[in-house]
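A.B. asks:
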Amino acid sequence: MELRQDVKSNLDTRRSYRRDRRNRKTRYRKARFLNRKKKESWLPPSIENRINHTFKWINKLVALLPNPKLHIEVGKFDVAKMINPDVQGVDYQHGQTYGFYNVRYFVFARDNYTCQCCKKSKNKILQTHHIIYRSNGGSNRADNLITVCTDCHTYENHQKGGILYQWQENRKKTKQYKEPPFMNVLRKRIFTQYPNAIITYGSETTPKRKELGLEKTHYNDAIVISGITKIKENPNEWLLIKQFRKKKRSLHEATARKGRKEPNRLQKRNAKNTPYYKGFYLNDKVRVFNQVGHITGFTSSGAYIKNSENEYITLPNKSYKQIGISNIRLLHHNNNWQYIHKHIA
Numbered sequence: 001m002e003l004r005q006d007v008k009s010n011l012d013t014r015r016s017y018r019r020d021r022r023n024r025k026t027r028y029r030k031a032r033f034l035n036r037k038k039k040e041s042w043l044p045p046s047i048e049n050r051i052n053h054t055f056k057w058i059n060k061l062v063a064l065l066p067n068p069k070l071h072i073e074v075g076k077f078d079v080a081k082m083i084n085p086d087v088q089g090v091d092y093q094h095g096q097t098y099g100f101y102n103v104r105y106f107v108f109a110r111d112n113y114t115c116q117c118c119k120k121s122k123n124k125i126l127q128t129h130h131i132i133y134r135s136n137g138g139s140n141r142a143d144n145l146i147t148v149c150t151d152c153h154t155y156e157n158h159q160k161g162g163i164l165y166q167w168q169e170n171r172k173k174t175k176q177y178k179e180p181p182f183m184n185v186l187r188k189r190i191f192t193q194y195p196n197a198i199i200t201y202g203s204e205t206t207p208k209r210k211e212l213g214l215e216k217t218h219y220n221d222a223i224v225i226s227g228i229t230k231i232k233e234n235p236n237e238w239l240l241i242k243q244f245r246k247k248k249r250s251l252h253e254a255t256a257r258k259g260r261k262e263p264n265r266l267q268k269r270n271a272k273n274t275p276y277y278k279g280f281y282l283n284d285k286v287r288v289f290n291q292v293g294h295i296t297g298f299t300s301s302g303a304y305i306k307n308s309e310n311e312y313i314t315l316p317n318k319s320y321k322q323i324g325i326s327n328i329r330l331l332h333h334n335n336n337w338q339y340i341h342k343h344i345a
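The sequence shown: position 38 = 38 (UniProt numbering), numbered continuously.
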């Protein structure tokens with residue numbers, strides 16, 4: 001199952017637009033924030049969305065079977081020990097930047113107050129640069145920061161061909177640790193939600209999978225977790241359930257008239273998205289040019305269609321992505337989920 005990964009970025013965009021709009025429209029109003037109490041067991045919306053849909057599908061699959069036994073694999077991760085295997089005791093309170101005013105000062109000291117581009121330090125104004133750009137999901141951890149001077153920290157060096165862009169492409173970074181905290185939260189919620197489930201861990205799944213002679217894949221792990229002790233025939237296909245965003249409910253357009261000739265005051269907000277066209281809806285499963293795919297968007301007379309590999313289906317010997325409606329044959333309508341059969345190579 002593949003859940004949406006764009007919830008956080010959409011919320012960040014909404015917050016940015018709202019903050020900018022309120023600064024313009026209510027510039028003299030006294031600031032009011034941090035005046036809301038979070039409910040007990042509150043989670044960030046992006047994490048709560050993933051957990052709720054995980055539980056939804058577990059409940060749906062359990063409801064289809066008579067007297068089922070629920071086996072769930074969970075994981076417990078110690079992020080500090082993943083970063084430093086020798087950490088123990090008080091070391092958990094003494095992190096990488098312990099003894100420094102903040103992360104920025106630690107990065108400067110680590111790099112000897114020297115620009116890592118031009119290797120100069122005298123008469124230079126230093127800045128911290130994200131090796132993996134923040135726009136690409138880079139974190140504020142010290143391992144993702146490096147010291148550069150204002151002469152090197154330019155727009156041109158951030159673009160393709162620039163040294164800062166090359167650092168990112170060469171993956172001059174350490175491992176990201178975003179998923180382990182989520183798995184720790186999910187594990188605790190699973191214990192509360194399914195107290196009668198049979199819980200297993202990856203350390204138990206791996207040796208059992210090797211005993212059965214199976215490769216490391218999600219569906220093979222599911223076979224092992226279920227408690228099967230003997231395999232008579234290896235499966236030749238598996239089902240991918242993928243979440244799809246069908247509605248764009250944003251009330252604010254940063255540039256409402258972008259790509260249009262009419263002034264902004266004449267724009268109709270209820271027509272900014274096209275949910276259906278001539279009997280076809282977003283996320284419909286269709287067949288086109290002997291290929292099966294899902295509709296991801298519409299044009300004035302056609303549609304965009306992606307196949308099971310998330311690649312656009314195009315006209316033969318053409319490069320543009322639009323497919324005329326006359327070339328599309330409907331297989332069936334969908335809701336917010338795609339069901340894709342994949343064959344095992």
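In this text, a Cβ means the ideal position worked out from N, Cα and C, and glycines have one as well. Everything numeric in this text was worked out from a predicted model, so none of it was measured.
Just the Cα atoms here: how many angstroms apart are residue 346 and P44?
C.D. replies: No statement about residue 346 is possible, as the shown extent of the chain runs from 1 to 345 and does not include it.
A.B. asks: Between G293 and the rest of its own chain, which residues show a CB-CB distance below 7 angstroms, the 5 nearest in sequence each way excluded?
C.D. replies: Counting only Cβ-Cβ distances below 7 angstroms, and skipping sequence neighbours, we find V286, I305, K306, N307 and I313.
A.B. asks: Kindly indicate which residue of R141, V148, Q243 and Q176 has the alpha-carbon position closest to the one of D6.
C.D. replies: Among R141, V148, Q243 and Q176, the Cα nearest to that of D6 is on Q243.
A.B. asks: If the criterion is Cβ atoms closer than 8 angstroms, does the pair A80 and V87 meet it?
C.D. replies: Taking 8 angstroms as the Cβ cut-off, A80 and V87 qualify as a contacting pair.
A.B. asks: Indicate whether I72 and I199 have their beta-carbon atoms separated by less than 8 angstroms.
C.D. replies: Closer than 8 angstroms, so yes.
A.B. asks: May I ask you to verify whether the stretch 160-170 touches the stretch 24-32, counting CB pairs closer than 8 angstroms and requiring at least 3?
C.D. replies: Output reads no: the stretch 24-32 does not touch the stretch 160-170.
A.B. asks: For residue 391, tell me which candidate among R21, Q159, M183 and H158 has the shortest Cα-Cα distance.
C.D. replies: No information on residue 391 is available, as it lies outside the stretch 1 to 345 that the chain covers here.
A.B. asks: What is the DSSP secondary structure of H94, counted as helix, strand or coil?
C.D. replies: It is coil, neither helix nor strand.
A.B. asks: Do you know offhand how far I231's Cα is from T296's?
C.D. replies: Going by the C-alpha atoms only, they are around 39 angstroms apart.
A.B. asks: Taking the alpha-carbon of W42 as reference, which of T154, K60, R171 and L186 has the nearest alpha-carbon?
C.D. replies: Comparing Cα positions, the closest option is L186.
A.B. asks: Give, in chain order, every unbroken run of the alpha helix (DSSP H) that is at least 4 residues long and sits entirely within the stretch 211-254.
C.D. replies: With a minimum length of 4 residues, the continuous alpha helix (DSSP H) runs that stay inside the stretch 211-254 are 218-225.
A.B. asks: So what does DSSP say about G297, is it helix, strand or coil?
C.D. replies: In the structure shown, G297 sits in a strand (DSSP, three-state: E or B).
A.B. asks: Could you pull out every residue in the same chain whose Cβ sits closer than 7 angstroms to the Cβ of I344, ignoring the five residues on either side in sequence?
C.D. replies: Cβ within range, chain order: P235, N236, E237 and W238.
A.B. asks: What residues match up with Q338 in a beta bridge as DSSP calls it?
C.D. replies: Beta-bridge pairing links Q338 to K242.
A.B. asks: Does the distance from the C-beta atom of T147 to that of T128 stay below 8 angstroms?
C.D. replies: Yes, the pair counts as a contact, with Cβ atoms nearer than the cut-off.
A.B. asks: Could you spell out the range, first to last residue, of the beta strand (DSSP E) harbouring D71?
C.D. replies: The amino acid occupying residue 71 in the given sequence is His; Asp does not appear at that position. Unbroken beta strand (DSSP E) run through H71: H71 to V74.
A.B. asks: Am I right that Y201 and M82 are in contact with their C-beta atoms under 8 angstroms? What's the rounded C-beta distance?
C.D. replies: Incorrect: roughly 16 angstroms between the Cβ atoms, too far for contact.
A.B. asks: Would you kindly check if the distance between the Cβ of I328 and the Cβ of R189 is under 8 angstroms?
C.D. replies: Contact flag unset, no.
A.B. asks: In angstroms, rounded to a whole number, what distance separates the CA positions of V103 and G95?
C.D. replies: About 11 angstroms.
A.B. asks: Tell me the DSSP secondary structure of F280 in three-state form.
C.D. replies: Strand.
A.B. asks: I need the boundaries of the alpha helix (DSSP H) containing H53, first residue and last residue.
C.D. replies: Its alpha helix (DSSP H) spans residues P45 to A63.
A.B. asks: Measure the C-alpha to C-alpha separation of N84 and S203 and round it to an integer number of angstroms.
C.D. replies: Distance between the alpha carbons of N84 and S203: 20 angstroms.
A.B. asks: Given a threshold of 16 other Cβ atoms within 10 Å of its Cβ, counted over all protein chains shown, does G302 qualify as buried or as exposed?
C.D. replies: When all chains shown are included, G302 counts as buried.
A.B. asks: Please specify which runs of the beta strand (DSSP E), each continuous and at least 3 residues long, are wholly inside the UniProt domain "HNH nuclease" (102-154), giving them in chain order.
C.D. replies: DSSP runs (the beta strand (DSSP E)) wholly in the UniProt domain "HNH nuclease" (102-154): 126-130 and 145-149.
A.B. asks: By the three-class DSSP mapping on this structure, what secondary structure does Y17 have?
C.D. replies: Helix, per DSSP.
A.B. asks: G324 by DSSP, collapsed to three states: which one?
C.D. replies: Looking at G324 - three-state DSSP - the assignment turns out to be strand.
A.B. asks: Is the separation between the beta-carbon of N283 and that of K248 shorter than 8 angstroms?
C.D. replies: Against a cut-off of 8 angstroms, the Cβ pair of K248 and N283 comes out as no contact.
A.B. asks: Taking A109 as the reference, give the member of L34, L70 and L126 with the closest Cα.
C.D. replies: It is L126 whose Cα lies nearest to the Cα of A109.
A.B. asks: To the nearest angstrom, how far is it from the Cα of Y281 to the Cα of R209?
C.D. replies: About 42 angstroms.
A.B. asks: What number of angstroms, rounded off, separates the C-alpha of L212 from the C-alpha of Y92?
C.D. replies: Approximately 39 angstroms, taken between the alpha carbons.
A.B. asks: Rounded to whole angstroms, what is the Cα-Cα separation between F55 and Q338?
C.D. replies: Distance between the alpha carbons of F55 and Q338: 18 angstroms.
A.B. asks: Based on Cα-Cα distance, which residue from I325, N196, Q193 and D111 lies nearest to Y276?
C.D. replies: Checking every option, the nearest Cα to that of Y276 belongs to I325.
A.B. asks: Measuring straight from C-alpha to C-alpha, what distance separates R15 and L214?
C.D. replies: Taking the straight line from one Cα to the other gives about 46 angstroms.
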